[in-house]
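Residue numbers (our numbering), protein chains in the order written: chain A, 1 to 196; chain B, 1001 to 1377.
Note that CB positions come from ideal geometry on N, CA and C, so glycine has one too.
Right, one structure below, let's go through it.
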Amino acid sequence: MSAQFRQDFAVIANWIPFGAKVLDLGCEDGSLLKFLEGSLEVKGYGIEKDDAYWLNTLKQGINVIQMDLESGLSGFESQSFDVVVLSQTLQAMRNTEKIVHEMLRVGKEVIVTFPNFGYWRHRIQLIQGQMPVSKSLPYEWYNTPNIHLCTIKDFDDFCAKNKIGIKERLILTHGKPIHVMPNLMGALAMYRLVSK
Amino acid sequence: MSEKNSVGLVKAKLAKITTPLKLTSGKKLPSYELAYETYGKLNAKKNNAVLVCHALSGNHHVAGRYKKDDKYPGWWDNLIGPGRPLDTDRFFVIGVNNLGGCHGSSGSISINPKTKKRWGSDFPIVTVEDWVNTQAALLDELGIDSLAGVIGGSLGGMQAIQWTLSYPKRVRHAIVIAAAPNLTAQNVAFNEVARQAIITDPDFYNGNYYRFKKKPKRGLRIARMLGHITYLSDDAMGMKFGRKLKNKNIEYSFDVNFEMESYLHHQGDKFAEEFDANTYLRMTRALDYFDPAKDYQGNLSKAFKKVEAEFLVVSFTSDWRFSPQRSKEIVKALLDNELTVSYAEVTARHGHDAFLMSDPHYHGILSTYFKKIANQL
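Here it is as structure tokens:
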């Protein structure tokens, strides 16, 4: 598997039916869709704003639409995709609530993944008086694109408040599932969401 | 761009099509001629042909030069040649002068075989659908069953779309640049001002000015000046001319004071010499009438039901004549039909004219896409 292969790809693939129609928001270089097309023969479309990422996605032979997610998904019909994926991008969105609702409108099912701000390594750094920098949050406070960081507990509350159904939840650290005290021990949160 | 990547010296050819053409308007042409050029070689499988469709004032001279000392090469030379994005080492590229044009194909300035006189105002009004039918007839002449791709900007992009509707089995890829699924009311309005400038020119003689050895140059010049304003962005004009004066001081006259005026006059004069007013009228009408959704209660997604081709759609951020929003309408209709499509919104300051520029990112997109097509041959 290529160096770009991320630990969350395999889990995402497990949650996607064979031959599904998949929309990947913020698809970067299209690696996830390339992987899903190869393994599950999905019909994939990526959305990417950045020119360089957009071109790399095209180079991989993946359909890619250049647009800014902040403006919503108005170019997509309701329930027109089997699965809509937002992989490690939620924390960088300005209009967080809007995009989650848009994803649930367009997709029959939604997969969201994000770095858990409640992870113990992050908490220790905060106790030591510094903003956390880690593998899952590799930026300094002054150059981070992450403006809406949250913990697993925060996201659970967000789903409850917005009447979003959690079909499945998986918490990973170094690629391994965490079952005990996930909000403290988990680095990466992965959710399967549906409209309630 | 170096000369060594040029297609070099080229020659225009003329195809005489004798299969009668039934036009959208209901009129018929028993026969007609099409001027065209080709670059690169048709492969043995005859599956590497790419058709380049031209916009309002273009023609079949897309790349290369007729003579070494020609001042300018073909109008999209920066795109086409060995090693250029539309690589003539891989593709057989065809440029056609659209029917009704004034560069060699049958049109108002050519001779009506029936009367042995210039067609003038009698030349029928043609549509994008008609053009695509004539282009398909040219492919038949050349022994080409299907196109690897069809590419066009602006009105050329509309022809690329129409290809996928009229001949879904004969085109595998459509590259639609700075185009729209139809004209906005504002765009139709611009076209009407341009036409009125021509039609009300005293030298127009109802379109039969050839007989009087006249040309409605004043009208054509104003039409072109107006067009030019809309092809550029406010930003591009500001950068290029700003409020720069032609001479040092304001002259308190109606002569050319500003550099901007000087540029517009130059463009207008040049165009009025080279172009034919009847062709200009017909090209703008083809733009106005293009609307594939009109037979589907305005529903473009329904109109695209029969499309099979894969699409690359490109727009430019500063293009206000064919804005990115219009390209997104095309993309949405393709997505609604689960077709293969990629869409790029290129950051550019040149307005509508950006589609003819060689911005590295823009050309990188086209280059990547044509490589994908080449790998499928």
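Asked, Found
"Could you check what DSSP says for K196/A in three-state terms: helix, strand or coil?", "coil"
"Under 8 Å Cβ to Cβ from S1327/B, same chain only, skipping five residues before and after it: list those, please.", "V1176, A1178, A1179, A1180, V1313, V1314, S1315, Y1343 and E1345"
"If you draw a straight line from the alpha carbon of N1278/B to that of S1121/B, how long is it in whole angstroms?", "7 Å"
"Answer with yes or no whether the minimum CB distance from V1341/B to chain A is below 9 Å.", "yes"
"Going along chain A, which residues have a C-beta under 7 Å from T1368/B?", "L55, L58 and K59"
"Going along chain B in order, which residues have a C-beta closer than 8 Å to the C-beta of K21/A?", "E1338"
"Any beta-carbon of chain A closer than 9 Å to the one on M1001/B?", "In this prediction, M1001/B scores a pLDDT of 49, lower than 50, which makes its location untrustworthy; the coordinate-derived value is nonetheless stated afterwards. It does not; no Cβ of chain A falls within 9 Å."
"So, helix, strand or coil for C944/B, using DSSP?", "Residue coverage of chain B in this structure runs from 1001 to 1377, which leaves residue 944/B outside it and unanswerable."
"Where does the unbroken beta strand (DSSP E) through P1360/B begin, and where does it stop?", "Premise fails: P1360/B lies in the alpha helix (DSSP H), P1360 to N1375, not in any beta strand (DSSP E)."
"So K1240/B is in the beta strand (DSSP E); what residue range does that whole segment cover?", "Per DSSP, K1240/B belongs to no beta strand (DSSP E); it is in the alpha helix (DSSP H), D1234 to K1240."
"Determine, using beta carbons only, whether P1085/B and F1290/B come nearer to each other than 9 Å.", "no"
"Quick one: complete alpha helix (DSSP H) runs, 4+ long, within the segment 1257-1295 of chain B?", "1259-1274 and 1277-1289"
"So A1185/B and T1284/B are in contact, right, with Cβ under 8 Å, and what is the actual spacing, rounded?", "No, A1185/B and T1284/B are not in contact; Cβ-Cβ is about 14 Å, not under 8 Å."
"In whole angstroms, what is the alpha-carbon distance linking V1052/B and V1010/B?", "16 Å"
"Would you identify the three-state DSSP class for E1003/B, choosing helix, strand or coil?", "helix"
"Measure the alpha-carbon distance for M1001/B versus T1038/B and round it to whole angstroms.", "Residue confidence for M1001/B is low, a pLDDT of 49 falling below 50, so the modelled location carries little weight and cannot support an answer."
"If you draw a straight line from the alpha carbon of F1311/B to that of D1235/B, how long is it in whole angstroms?", "30 Å"
"Cα separation between H1173/B and S31/A?", "24 Å"
"Rounded to whole angstroms, what's the CA-CA distance from K1246/B to A1012/B? Just pull it up for me.", "40 Å"
"Is D29/A close to chain B? Criterion is C-beta to C-beta, closer than 9 Å.", "no"
"Does chain A have any CB closer than 9 Å to the CB of I1365/B?", "yes"
"Which residues in chain A sit within 9 Å of V1307/B, going by Cβ to Cβ distance?", "The contacting residues do not exist; V1307/B stays about 15 Å from chain A at best."
"Report buried or exposed for K1217/B, applying the criterion of at least 16 other Cβ atoms within 10 angstroms of its Cβ.", "buried"
"Ignore the nearest five residues each way along the sequence and tell me which others in I1111/B's own chain have a CB closer than 8 Å to its CB.", "K1117, R1118 and W1119"
"Taking only three categories from DSSP, how would you classify Y139/A?", "coil"
"Does the beta-carbon of N14/A have 16 or more other beta-carbons within 10 angstroms, so that it is buried, or is it exposed?", "exposed"
"May I ask you to report which of helix, strand or coil DSSP gives M1/A?", "At M1/A, the pLDDT of 33 sits below 50, so the modelled position is not reliable; the number obtained from the coordinates is stated separately. DSSP places M1/A in coil when its eight states are reduced to three."
"Cβ of M131/A within 9 Å of Cβ of W120/A?", "no"
"So what does DSSP say about I1094/B, is it helix, strand or coil?", "strand"
"Quick one: residues in its chain with C-beta nearer than 7 Å to the C-beta of K1372/B, no 5 flanking neighbours on either side, listed in chain order?", "none"
"Hey, out of M1357/B, N1059/B, D1288/B and V1307/B, whose CA is closest to N1187/B's CA?", "D1288/B"
"Of all the CB atoms in chain A, is at least one closer than 9 Å to the CB of H1060/B?", "no"
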